[in-house]
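Trainee:
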Amino acid sequence: MVILTLLLLMTVIPAYAGDQYDYKSAEFKEVASQFMCMCGCGQDHFECNMQGCGLNDSFKSEIKEMMDDGLTKDQIKDYYLSMYGEEILTAPEKKGFSLTAWVLPFVALGVAGIGIVFIIRKWVAGYKEEETSFEARSEEEELEDEIVKSMIDEERKKYF
């Protein structure tokens, strides 16, 4: 009976140990990198390596415990969102009001690009109008030019 119990424990313990996550596993990195470190370094919890950052070590161990307990990535995310709010996320969620953080930069670039195109077209059209205005002179202006030229010619003849 003791041997049977030992055999049973030997088969169950390695299976349980297989569910254990370490700090270098891809699953752990995926979960930890979605949260910003709260020490002010501006990095996610997986990348934070500031000296004296006591938050990061406790945060990593807490995430590891949750993963070992069988919580999914979304359950861990929901837990920290309820505790800290959206400011803990490295990227805003793509739903609700946070969707504007994803869409607004592209909308602003599009509107600015369209505005620049219209301004350039207006400048080019104005430049072409100025060129045509020099060519299309009225009869009165031509008559004035002839009078001025004749006066200049008369003055030249007086002195030369």
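The sequence shown lines up with residues -17 to -1, 1 to 143 when you count with mature numbering (1 follows the signal peptide of the UniProt record, and there is no 0).
Just so it is clear, CB atoms sit at the ideal spot from N, CA and C, and this is done for glycine as well.
Determine the direct distance from the alpha carbon of A95 to that of M50, and round the result to whole angstroms.
Mentor: Distance between the alpha carbons of M50 and A95 is about 46 Å.
Trainee: So, at 7 Å on beta carbons, what are the nonlocal neighbours of residue 181 in its own chain, with the 5 sequence-adjacent residues on each side left out?
Mentor: Residue 181 cannot be examined here, being either before or after the span of the chain that is shown, -17 to 143.
Trainee: Leaving aside the five residues before and after K12 along the sequence, list all residues of the same chain whose C-beta is less than 6 Å from its C-beta, in chain order.
Mentor: Result list for K12: F29, in chain order.
Trainee: Give a yes or no on whether the C-beta atoms belonging to S81 and P75 are separated by under 9 Å.
Mentor: Cβ atoms of S81 and P75: closer than 9 Å.
Trainee: Let me know the secondary structure DSSP gives E123 once reduced to three states.
Mentor: Helix, per DSSP.
Trainee: How is L87 classed by DSSP in three states: helix, strand or coil?
Mentor: Correct three-state label for L87: helix.
Trainee: Could you give the first and the last residue of the continuous alpha helix (DSSP H) run that contains E7?
Mentor: Note that residue 7 is Lys in the sequence shown, not Glu. Per DSSP, K7 belongs to no alpha helix (DSSP H) and is neither H nor E.
Trainee: Tell me which residues share the same chain as M21 and place their Cβ nearer than 6 Å to its Cβ, disregarding the 5 neighbours each side in the sequence.
Mentor: Excluding sequence neighbours, M21 sits near L38.
Trainee: Kindly give me the distance between the Cβ atoms of I46 and A15, rounded to whole angstroms, as I take these residues to be in contact under 8 Å.
Mentor: Indeed, because the Cβ distance is near 5 Å, the residues count as touching under 8 Å.
Trainee: For the alpha helix (DSSP H) holding I59, just list the boundary residues, first then last.
Mentor: It spans K56 to Y67 - the alpha helix (DSSP H) in which I59 sits, taken as one unbroken run.
Trainee: Could you check the C-alpha separation between R139 and E125 for me, to the nearest Å?
Mentor: Rounded to the nearest angstrom, the two C-alpha atoms are 21 Å apart.
Trainee: What's the C-alpha gap between D61 and V86?
Mentor: Cα to Cα, the separation comes out at about 24 Å.
Trainee: Helix, strand or coil for F143? Go by DSSP, reduced to three states.
Mentor: Residue state, collapsed to three classes: coil.
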